[in-house]
Amino acid sequence: DAKTTQPDSMESTEGETVHLPCSHATISGNEYIYWYRQVPLQGPEYVTHGLQQNTTNSMAFLAIASDRKSSTLILPHVSLRDAAVYHCILRVQGGSAKLIFGEGTKLTVSS
Amino acid sequence: AQTIHQWPVAEIKAVGSPLSLGCTIKGKSSPNLYWYWQATGGTLQQLFYSITVGQVESVVQLNLSASRPKDDQFILSTEKLLLSHSGFYLCAWAQGALNTLYFGAGTRLSVL
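Protein sequence lines correspond, in order, to chains A and B. First residue of the first sequence? That's 1 in this note's numbering, and the numbers climb one at a time after it. First residue of the second sequence? That's 112 in this note's numbering, and the numbers climb one at a time after it.
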């Protein structure tokens, strides 16, 4: 699995729209971009994923660069509940494919 | 709706004692199952995965073993705990072509 690079931390205020960047310059054509978030002493929560096209769901919007070497997770109108460590992970399909977590970006949300 | 249940929620065990952690998936047939471990302050590491009953693949050697006795059950165990086994153990399930993983609430293990 290729490596991703994320900022160590980001700060935001409630109600803001937050852009979390992820760089994956050596991504392979069959690798999906996954985003998970985790708060202390809880299991990671699936946020979204994409391959080439931008995707959106109730939690976030995932913008993927046309060359797929970077992506941005956009969280609209963040609340205190969105404070977590956000992980950007590359993964191929298949049951044996690993989901390799790094340090992620710690998002702090203030009121 | 599918649910994933891990037990126990937390354990305090002595070094050298045995351990058994469990994970049950309800509402899904033949899911892929995974065990992950996170040391305090560390990153999540995948330990085992299982595609079908009776078959378990080891990813990282930590003097632990895993078994899948039933389609909906995944067990993590060891006969002799080490201090280094302390941490947060997570079970996850996945299914389908994309095989997106969904995690349980985890078990906190303290080995003293």
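We put the CB at the ideal spot given by N, CA and C, even for glycine. Here the structure is a predicted model, which is why all the values come from computation and not from measurement.
Determine, using beta carbons only, whether A:LYS98 comes closer than 8 Å to chain B. Residue 98 of chain A sits at position 98 when you count from the first residue of the first sequence. So yes, A:LYS98 belongs to the interface.
May I have the straight-line CA-CA distance separating B:THR114 from A:TYR34, to the nearest angstrom? Numbered from 1 along the second sequence, position 3 holds the residue referred to as residue 114 of chain B. Numbered from 1 along the first sequence, position 34 holds the residue referred to as residue 34 of chain A. So the alpha carbons of these two residues sit roughly 21 Å apart.
Any C-beta of chain B under 8 Å from that of A:TYR46: Mapped onto the first sequence, residue 46 of chain A falls at position 46. Yes, because at least one Cβ of chain B sits closer than 8 Å to the Cβ of A:TYR46.
Would you mind sorting B:LYS139 into buried or exposed? The rule is 16 or more other CB atoms within 10 Å of its CB. Residue 139 of chain B sits at position 28 when you count from the first residue of the second sequence. It counts as buried.
Distance, Cα to Cα, B:LYS124 vs B:GLN149? Position 13 of the second sequence holds residue 124 of chain B. Position 38 of the second sequence holds residue 149 of chain B. So the alpha carbons of these two residues sit roughly 17 Å apart.
When you compare the CB of B:GLN157 with every CB in chain A, is at least one pair closer than 8 Å? Taking the first residue of the second sequence as 1, we reach residue 157 of chain B at position 46. Yes, because at least one Cβ of chain A sits closer than 8 Å to the Cβ of B:GLN157.
How should B:GLN172 be labelled, buried or exposed, when 16 other C-beta atoms within 10 angstroms of its C-beta is the threshold for buried? Sequence index remark: in the second sequence, residue 172 of chain B carries index 61 (1-based). Flag for B:GLN172 reads exposed.
Cross-strand partners of A:PRO21 (DSSP beta bridge): Locating residue 21 of chain A in the first sequence gives position 21, counting from the first residue. In the DSSP output, where bridge partners are listed per residue, A:PRO21 has A:THR72.
From A:GLY94, A:GLN53, A:ALA25, A:VAL18, pick the residue whose C-alpha is nearest to that of A:MET59; which is it? Along the first sequence, one-based indexing puts residue 59 of chain A at 59. Taking only the C-alpha atoms, the option nearest A:MET59 is A:VAL18.
Just the C-alpha distance for A:PRO76 and A:VAL39, rounded to the nearest angstrom, thanks. Against the first sequence, residue 76 of chain A aligns to sequence position 76. Against the first sequence, residue 39 of chain A aligns to sequence position 39. Distance between the alpha carbons of A:PRO76 and A:VAL39: 19 Å.
Check whether the Cβ of A:GLY102 lies closer than 8 Å to any Cβ atom in chain B. Within the first sequence, numbered from 1, the residue matching residue 102 of chain A stands at position 102. Judged by the 8 Å Cβ criterion, A:GLY102 is in contact with chain B.
Can you tell which of B:SER128, B:PHE159, B:PRO119, B:TRP118 has its C-alpha closest to the C-alpha of B:LEU193? On the second sequence, residue 193 of chain B is found 82 positions in, with the first residue counted as 1. With distances taken between Cα atoms, B:LEU193 lies closest to B:SER128.
I'd like to know if A:LEU62 contacts chain B, where contact means its C-beta is closer than 8 Å to some C-beta of that chain. Mapped onto the first sequence, residue 62 of chain A falls at position 62. No - not a single Cβ of chain B is within 8 Å of the one on A:LEU62.
By how many angstroms is the C-alpha of B:SER131 removed from the C-alpha of B:GLY198? Here residue 198 of chain B is taken as the residue at index 87 of the second sequence, counted from 1. Here residue 131 of chain B is taken as the residue at index 20 of the second sequence, counted from 1. Rounded to the nearest angstrom, the two C-alpha atoms are 14 Å apart.
Residue burial classification, B:THR163 (beta-carbon count within 10 angstroms, cutoff 16): Looking up residue 163 of chain B in the second sequence gives position 52. With fewer than 16 other Cβ atoms within 10 Å, it is exposed.
Taking only the alpha-carbon atoms, compute the straight-line gap between A:VAL78 and B:TRP204 and give it to the nearest angstrom. Taking the first residue of the first sequence as position 1, residue 78 of chain A is located at position 78. Taking the first residue of the second sequence as position 1, residue 204 of chain B is located at position 93. Their backbone Cα atoms lie some 28 Å apart in a straight line.
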